[in-house]
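A.B. asks: First, the structure itself, so that you have it in front of you.
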Amino acid sequence: MAQQSQSPYSIEGEWDELYIGGEWTESASGETIAVEDPSTRETITHVPRGSPADVDDAYEAAADAQDEWAATPPARREELVQELLETLEERSEEIMGLLTNEAGGSAVMGGTSVHLAEDQLAEAATLPRRMKGEHAHSNIPGKENIVEREPKGVVTVISPWNFPLNLSMRAVAPAVAAGNTVVLKPSTNTPVVGGLLFGRLFDEVGFPDGVLNVVTGRGSEIGDEIASHPESDVVAFTGSTPVGRQVAASAGENLAVAAMELGGNNAHIVTSEADIETAVDAATFGSFVHQGQVCISINRHLVHEDIYDEYVERLTERAESLPVGSAHNPDTIVGPIIDESQREEMLEYVDETLEAGATLETGGDTVDIDGVEDSLVVAPTVLSDVTNDMSAACFEHFGPIAPVIPFSDVDEAIEMANSTEYGLSGSVHAGDVGTGKEIAGRMETGMVHVNDQPINDEAHVPFSGTGASGVGGYNSEDFLDEVTEKKWISLQHEPREYPF
Ligand code: NAP
Numbered sequence: 017m018a019q020q021s022q023s024p025y026s027i028e029g030e031w032d033e034l035y036i037g038g039e040w041t042e043s044a045s046g047e048t049i050a051v052e053d054p055s056t057r058e059t060i061t062h063v064p065r066g067s068p069a070d071v072d073d074a075y076e077a078a079a080d081a082q083d084e085w086a087a088t089p090p091a092r093r094e095e096l097v098q099e100l101l102e103t104l105e106e107r108s109e110e111i112m113g114l115l116t117n118e119a120g121g122s123a124v125m126g127g128t129s130v131h132l133a134e135d136q137l138a139e140a141a142t143l144p145r146r147m148k149g150e151h152a153h154s155n156i157p158g159k160e161n162i163v164e165r166e167p168k169g170v171v172t173v174i175s176p177w178n179f180p181l182n183l184s185m186r187a188v189a190p191a192v193a194a195g196n197t198v199v200l201k202p203s204t205n206t207p208v209v210g211g212l213l214f215g216r217l218f219d220e221v222g223f224p225d226g227v228l229n230v231v232t233g234r235g236s237e238i239g240d241e242i243a244s245h246p247e248s249d250v251v252a253f254t255g256s257t258p259v260g261r262q263v264a265a266s267a268g269e270n271l272a273v274a275a276m277e278l279g280g281n282n283a284h285i286v287t288s289e290a291d292i293e294t295a296v297d298a299a300t301f302g303s304f305v306h307q308g309q310v311c312i313s314i315n316r317h318l319v320h321e322d323i324y325d326e327y328v329e330r331l332t333e334r335a336e337s338l339p340v341g342s343a344h345n346p347d348t349i350v351g352p353i354i355d356e357s358q359r360e361e362m363l364e365y366v367d368e369t370l371e372a373g374a375t376l377e378t379g380g381d382t383v384d385i386d387g388v389e390d391s392l393v394v395a396p397t398v399l400s401d402v403t404n405d406m407s408a409a410c411f412e413h414f415g416p417i418a419p420v421i422p423f424s425d426v427d428e429a430i431e432m433a434n435s436t437e438y439g440l441s442g443s444v445h446a447g448d449v450g451t452g453k454e455i456a457g458r459m460e461t462g463m464v465h466v467n468d469q470p471i472n473d474e475a476h477v478p479f480s481g482t483g484a485s486g487v488g489g490y491n492s493e494d495f496l497d498e499v500t501e502k503k504w505i506s507l508q509h510e511p512r513e514y515p516f
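Residue numbers for the sequence shown follow this note's numbering, so the first one is 17 and each next one is one higher.
What follows is the structure, encoded as structure tokens:
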């Protein structure tokens with residue numbers, strides 16, 4: 017790929033080629049897709065419109081490279097992953113710029129994404145040496161049992177647009193560290209920072225050809241081909257539940273492992289014993305960071321009736337104080353929604369909730385931005401008098417929207433929190449930590465945070481959802497299990513007695 021711009025990592029770099037088998041190459045069709053900056057609504061770059069032929073090439077390259085990569089000594093794999101971490105650190109400013117350009121990420125979102133990606137790389141770098149087998153005694157005289165751990169083979173990574181850098185990295189880095197090769201398909205909204213950037217980083221570090229392959233293109237055109245490709249041994253998907261169900265079915269047909277991280281409807285429970293200031297502080301971050309476009313953000317606030325009015329008043333004040341606007345402004349906290357369809361869907365949930373009897377405390381509409389036609393910025397929105405069955409509460413709204421629901425006792429709050437098909441994350445403020453932990457234990461979710469808000473991710477701690485929020489686990493040992501195979505080899509050291 018010719019690199020004529022000041023920095024090959026900036027959005028002005030050239031991003032119109034796929035990265036397959038260590039080569040930058042045009043898509044088979046020669047066509048490209050325009051990428052829009054959600055703050056300015058301007059086209060900022062073009063990426064290849066990958067086709068099924070490109071997908072086949074990517075899997076062929078990944079399959080060809082896999083044996084040699086798996087046989088590469090652990091210390092060498094560790095070294096390359098560490099170099100990837102160093103390169104990411106060196107390029108962090110430019111990468112944050114890409115997050116602003118493509119994802120509408122504020123400085124907070126960009127800094128968080130880079131930090132999470134670094135954490136994932138640091139954890140992944142330890143995996144090659146931690147990938148150990150087992151030895152088990154046998155019930156059969158003279159037999160020795162050895163369990164070896166091997167990479168699965170080719171891992172497919174499909175990532176979403178909301179936190180594209182770290183949500184691609186959390187699968188790519190451990191998969192590669194464990195000796196797998198990867199085909200990465202990023203979201204069409206964020207094809208550079210969730211995909212082609214990885215090609216550039218792997219290229220600069222000098223990974224062997226074919227260890228990472230990146231195919232951009234629309235999920236509606238190449239998604240099925242990718243999810244069901246016969247060379248794919250694991251499909252690591254992060255995205256919405258409806259698409260996830262389809263992807264898991266395709267992976268299942270192919271008998272590939274499906275590691276699925278999907279949608280959420282996370283509750284923030286605040287009891288009458290809670291410290292309101294701490295609970296509202298946490299709630300402001302947990303509802304409005306990255307415009308609420310986080311799978312583990314607060315979708316519903318469940319607040320005890322004794323403190324309800326004060327909570328709503330304080331949350332409204334905080335929502336109105338947040339700087340809103342273009343993500344290019346370093347002071348902005350609430351930037352643009354990723355695209356029109358997401359914006360329309362969330363505003364429809366707000367309208368339906370108001371029609372059903374809720375009260376609009378603040379927000380509820382788009383915010384005009386100078387020089388931008390049809391702004392994608394939605395004002396931080398607080399809705400009171402909400403019930404659990406209203407649209408903004410029962411659907412994953414994925415926006416800067418805070419529906420606040422009153423409850424009269426803790427059992428009612430837990431019942432409401434659990435009455436969703438999802439089970440991703442949650443949070444509790446209940447005064448003392450012990451009571452908080454007791455409530456957390458009764459919430460049917462994969463993750464719950466006491467005296468905090470639901471958005472937490474640490475690469476060495478399990479991250480997974482229950483119910484419609486996913487199957488399989490991410491981070492550390494859990495994801496290592498998804499991308500490795502255990503193989504039992506037994507050694508019969510003395511003649512065995514058979515029944516006949
Ligand atoms: P999405 O629409 O499900 O898309 C996710 C990825 O799947 C994109 O790369 C998309 O490509 C691709 N895709 C679309 N159709 C496909 C198909 N038929 N086969 C294979 N791939 C296909 O999700 P999103 O809107 O990008 O992300 C938001 C959702 O992700 C929310 O529901 C959020 O809760 C969830 N999420 C979950 C987690 C978690 O850890 N649980 C984390 C972040 C986000 P195109 O862009 O080309 O369509």
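Glycine is no exception: its CB is placed at the ideal position from the N, C-alpha and C atoms.
If you're wondering where the values come from, they're calculated on a predicted model, not measured in any experiment.
Let me confirm a value: L183 is counted as buried when at least 16 other C-beta atoms fall within 10 Å, else exposed. Which label applies?
C.D. replies: Within the sequence shown, the letter at position 167 stands for residue 183. Buried.
A.B. asks: Identify the continuous alpha helix (DSSP H) that holds P144 and give its terminal residues.
C.D. replies: Position 128 of the sequence shown, counting from 1, holds the residue named residue 144. Residues 123 to 146.
A.B. asks: Can you give me the C-alpha to C-alpha distance between Q309 and Q508, rounded to a whole angstrom?
C.D. replies: Counting from 1 along the sequence shown, the entry for residue 309 is found at position 293. Counting from 1 along the sequence shown, the entry for residue 508 is found at position 492. About 56 Å.
A.B. asks: Considering only heavy atoms of ligand 3, does any lie closer than 7 Å to the CB of T48?
C.D. replies: This structure does not include ligand 3; its bound ligands are ligand 1.
A.B. asks: Under the three-state reduction of DSSP, which class applies to L101: helix, strand or coil?
C.D. replies: The residue given as residue 101 occupies position 85 in the sequence shown. Correct three-state label for L101: helix.
A.B. asks: With 16 as the cutoff for other CB atoms within 10 Å, does Q19 come out buried or exposed?
C.D. replies: Along the sequence shown, read from residue 1 onward, the residue named residue 19 stands at position 3. Low per-residue confidence applies at Q19: pLDDT is 43, beneath 50, and the placement is therefore not dependable, though the value from the model is reported in the following sentence. Answer is exposed; the Cβ neighbour count stays below 16.
A.B. asks: Tell me whether the beta-carbon of S443 lies closer than 8 Å to the beta-carbon of G302.
C.D. replies: Your numbering for residue 443 matches position 427 in the sequence shown. Your numbering for residue 302 matches position 286 in the sequence shown. A contact, by the Cβ cut-off of 8 Å.
A.B. asks: Whole angstroms are fine: how far does the CA of E293 sit from the CA of T378?
C.D. replies: As a working note, residue 378 is residue 362 in the sequence shown. As a working note, residue 293 is residue 277 in the sequence shown. Each residue's alpha carbon lies about 19 Å from the other.
A.B. asks: Can you list, in chain order, the residues of its chain with a C-beta nearer than 8 Å to that of A80? Leave out the 5 residues immediately preceding and following it.
C.D. replies: Taking the first residue of the sequence shown as 1, we reach residue 80 at position 64. According to the sequence provided, residue 80 is Asp. The question's Ala does not apply to it. Answer for D80: G37, G226, listed in chain order.
A.B. asks: Could you give the DSSP three-state label for K453: helix, strand or coil?
C.D. replies: Here residue 453 refers to the residue found at position 437 of the sequence shown. Helix.
A.B. asks: Quick check: what's the CA-CA separation for V170 versus A335?
C.D. replies: Locating residue 170 in the sequence shown gives position 154, where the first residue counts as 1. Locating residue 335 in the sequence shown gives position 319, where the first residue counts as 1. Going from the Cα of V170 to the Cα of A335 covers about 45 Å.
A.B. asks: Looking only at its own chain, which residues have a Cβ that is under 6 Å from the Cβ of Q136, when we skip the five neighbours before and after it?
C.D. replies: To locate residue 136, count along the sequence shown from 1; it is residue 120. Cβ neighbours of Q136 beyond the five flanking positions: M185, R186, A189, A475.
A.B. asks: Nearest CA to the CA of L115: which residue from Y514, I60, R316?
C.D. replies: For the purposes of this step, residue 115 is taken as the residue at position 99 of the sequence shown. Nearest C-alpha to L115: I60.
A.B. asks: Taking the beta strand (DSSP E) that I49 falls in, what are its first and last residues?
C.D. replies: Mapped onto the sequence shown, residue 49 falls at position 33. Start and end: 48 to 52.
A.B. asks: Among G66, Y75, D53, L101, which residue has its Cα nearest to the Cα of N117?
C.D. replies: Against the sequence shown, residue 117 aligns to sequence position 101. When each option's Cα is compared against that of N117, the closest is D53.
A.B. asks: State yes or no: is the C-beta of A409 nearer than 7 Å to some heavy atom of ligand 1?
C.D. replies: Taking the sequence shown and counting its residues from 1, one reaches residue 409 at position 393. Every heavy atom of ligand 1 is 7 Å or more from the Cβ of A409, so no.
A.B. asks: Throw me the rounded Cβ distance for the S55 and A343 pair, which I believe falls under 8 Å.
C.D. replies: As a working note, residue 55 is residue 39 in the sequence shown. As a working note, residue 343 is residue 327 in the sequence shown. Contact between S55 and A343 holds, since their C-beta atoms are separated by about 5 Å, short of 8 Å.
A.B. asks: Does the region 152 to 167 touch the region 206 to 226, meaning 3 or more C-beta pairs lie closer than 8 Å?
C.D. replies: no
A.B. asks: Looking at P180 and A144, is the spacing between their C-beta atoms short of 8 Å?
C.D. replies: Counting from one through the sequence shown, the residue named residue 144 turns up at place 128. Counting from one through the sequence shown, the residue named residue 180 turns up at place 164. At residue 144 the sequence reads Pro, which differs from the Ala that was named. Not in contact: P144 and P180 (Cβ atoms no closer than 8 Å).
A.B. asks: Identify every residue that forms a DSSP beta bridge with N276.
C.D. replies: The sequence position of residue 276 within the sequence shown is 260, counting from 1. Correcting the residue type first, residue 276 is Met in the shown sequence and not Asn. In DSSP, M276 forms a bridge with F253, V487.
A.B. asks: Nearest CA to the CA of G380: which residue from R359, D386, V388?
C.D. replies: Counting from one through the sequence shown, the residue named residue 380 turns up at place 364. For the options R359, D386, V388, the alpha carbon positioned closest to that of G380 is the one of R359.
A.B. asks: For E39, which option in E428, G222, G481, S480 has the closest C-alpha, if you only look at C-alpha atoms?
C.D. replies: Counted from its first residue, the sequence shown places residue 39 at position 23. Nearest option by C-alpha distance: G222.
A.B. asks: Measuring CB atoms only, is the region 267 to 274 touching the region 245 to 255, in the sense that at least three cross pairs come out at less than 8 Å?
C.D. replies: yes
A.B. asks: Taking just the CA atoms, how far does D384 sit from A395?
C.D. replies: For the purposes of this step, residue 395 is taken as residue 379 along the sequence shown, with counting starting at 1. For the purposes of this step, residue 384 is taken as residue 368 along the sequence shown, with counting starting at 1. Here the C-alpha atom of A395 lies approximately 10 Å from the C-alpha atom of D384.
A.B. asks: Give the DSSP-derived three-state secondary structure of E289 in the structure shown.
C.D. replies: As a position in the sequence shown, residue 289 is number 273, starting the count at 1. DSSP places E289 in coil when its eight states are reduced to three.
A.B. asks: Just to confirm the assignment: which complete beta strand (DSSP E) runs, minimum length 3, are found wholly within the region 150 to 219?
C.D. replies: 150 to 153, 159 to 167, 170 to 174, 197 to 201
A.B. asks: Any chance you could list the beta strand (DSSP E) runs of at least 3 consecutive residues sitting entirely within the region 416 to 473, in chain order?
C.D. replies: 417 to 423, 442 to 445
A.B. asks: Leaving out five residues before and five after P422 in sequence, what residues of the same chain have Cβ atoms less than 7 Å from its Cβ?
C.D. replies: Translated into positions along the sequence shown, residue 422 becomes position 406. The residues are V319, E321, Y324.
A.B. asks: Write down every uninterrupted run of the beta strand (DSSP E) in the region 25 to 82 whose length is 3 residues or greater and which is fully enclosed by it, in chain order.
C.D. replies: 34 to 36, 39 to 41, 48 to 52, 59 to 64
A.B. asks: Any heavy atom of ligand 1 closer than 7 Å to the CB of W177?
C.D. replies: Working through the sequence shown from its first residue, we reach residue 177 at position 161. Yes, the beta carbon of W177 sits closer than 7 Å to at least one heavy atom of ligand 1.
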